[in-house]
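In what follows, a structure is listed as structure tokens, so that the remarks can point back to it.
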Amino acid sequence: MELLRLSKFKLQLRALIAEVRELKESEQSTKEQHQISIQKHKKTEEEFSRKISELQKELASSQEIQRRLETQVQYLQDENVLLDNKQKELKATIDCLLQSRESFLSHYEDSTCEMRRAIEVRDKKLSVLTEKIQTHMSLFESIEKESISTKQVVDNVQRLVSEKEDVGIGWIEEETGPEKICLLEKKLRSNNEEIRRKDTDISELKEKKSLSMKEGIIQNLTAEKKALFFEARGLEIVLQKIQEAVIHMNAGDQKVYLSVVNAQEECPTMSEEKNDRSDDMVQESREDTPSRDTGQGAAENTGSPICQEPISAVKNPSQEKRNLNSSVSEGQCSPSVHHQQLESESSTTDEGTVDNPVQVR
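In this text, residue positions in the sequence shown follow UniProt numbering: the first is 1, and each later residue adds one.
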């Protein structure tokens, strides 16, 4: 019985030892697994801590980005407010520019109409003056014909005198009497006096002719100078208003302004063509005068300073234009006063040119 108990006990002991061994092995395996799990847990904790630090960094960077974005949004809101204010100001300026453009266009149309009227009036006056110049030239031609006829008479008288001298010499040779010789000498003296008187009349007629021509040229030049002066003044006023309007212009209005300026530049070219036309008329009138009056005209120019000034003005029209451009800024006058003065000057020139042919006659 005891042996059985001992065997059972041994068996139980062996079983317990086996269980203990199994338990130790399982415990070791569990310890190893636990250590492995601890190591894995440490690794995971390290990874999680690393991820947490990265996430914290990302969170800080995202917060900074959010702050920057908030500041940018605030800036954009401020800029939007400023742009709204600028848009309102630009609308106001655009309205002002449109009003100024309308006023400028109306004023420009009025000024162009006035300039066209002035140019038409000037063309009419120029046509009238050309007709009067032609009439005066016809009068001068008639005077030249009369002078030629008087010269022919003088030549005939000289021829008769020479014939009478030959006859007198023949009578002296024939000793036909001193009384006839005295009569012939008296006739010769009277004929010489008549010749001298006619020569003086011819010279006076030539002087009056040259003076009347020069006075007509002077009056035409002074009238044209004053007309150009007042036209330049009107253009200066228009340009001042244009400059005031151009200061507040945008790109669209500047294109309109350039087109207006191109249209305005055609007016000075028209006035220059009129001046060239008047200069050509004066030159033709000077060329129509006979070549034999050049000596007397030079003597009169050297003798009288009044005649030298208009001739120099005729010879130097470019200098006259420069003096006119320099004197534009000295006075102001309206277009109506300009027309009145032109009419008064044309009437005075007409009276002067009409009086001179009467004196010549």
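Even for Gly, the Cβ is constructed at its ideal location relative to N, Cα and C.
Legend entry - Contact under 8 angstroms by Cβ, V157 with E194: Judged by their CB atoms, V157 and E194 are nearer to each other than the 8 angstroms cut-off.
Legend entry - Contact the stretch 203-213 vs the stretch 138-155: 3+ CB pairs below 8 angstroms: Taking 8 angstroms as the limit for Cβ pairs, the verdict is that the stretch 138-155 does touch the stretch 203-213.
Inset, instruction - Using a threshold of 8 angstroms, state whether the C-beta atoms of N191 and V161 are closer than that. - result: Yes, the Cβ-Cβ distance between N191 and V161 is below 8 angstroms.
Inset, instruction - Closer than 7 angstroms by C-beta to L6: which residues in its own chain qualify, once you throw out the five before and the five after it? Chain order, please. - result: So the list is empty, once near-sequence residues are dropped.
Inset, instruction - Quick one: using the 10 Å Cβ neighbour count with 16 as the cut-off for buried, is I17 buried or exposed? - result: Exposed is the label assigned to I17, since fewer than 16 other Cβ atoms lie within 10 Å of its Cβ.
Legend entry - With 16 other Cβ atoms within 10 Å as the buried cut-off, status of I148: The C-beta of I148 has fewer than 16 other C-beta atoms within 10 Å across all chains shown, which makes the residue exposed.
Inset, instruction - Flag this pair as touching only if the stretch 103-120 and the stretch 215-235 have three or more C-beta atom pairs under 8 angstroms; answer yes or no. - result: Cβ pair count under 8 angstroms is three or more, so yes.
Legend entry - Whole-number beta carbon distance between H136 and G216, since they are thought to touch under 8 angstroms: Yes, G216 and H136 are in contact; Cβ-Cβ is about 7 angstroms, under 8 angstroms.
Legend entry - Check whether N220 and L129 have beta carbons under 8 angstroms apart: In this structure, the beta-carbon distance from N220 to L129 falls below 8 angstroms.
Inset, instruction - Quick one: measure Cβ to Cβ for T150 and I218, integer angstroms, because I've assumed they're closer than 8 angstroms. - result: With a Cβ gap of about 29 angstroms, T150 and I218 do not count as contacting.
Legend entry - Spatial distance of L183 from K132 (CA atoms): Note on geometry: alpha-carbon atoms of L183 and K132 lie some 50 angstroms from one another.
Legend entry - Assigned exposure category for F104 - 16 Cβ within 10 Å defines buried: Label assigned to F104: buried.
Inset, instruction - Please report how far the alpha carbon of Q33 lies from the alpha carbon of S49, in whole angstroms. - result: The C-alpha of S49 is placed about 23 angstroms away from the C-alpha of Q33.
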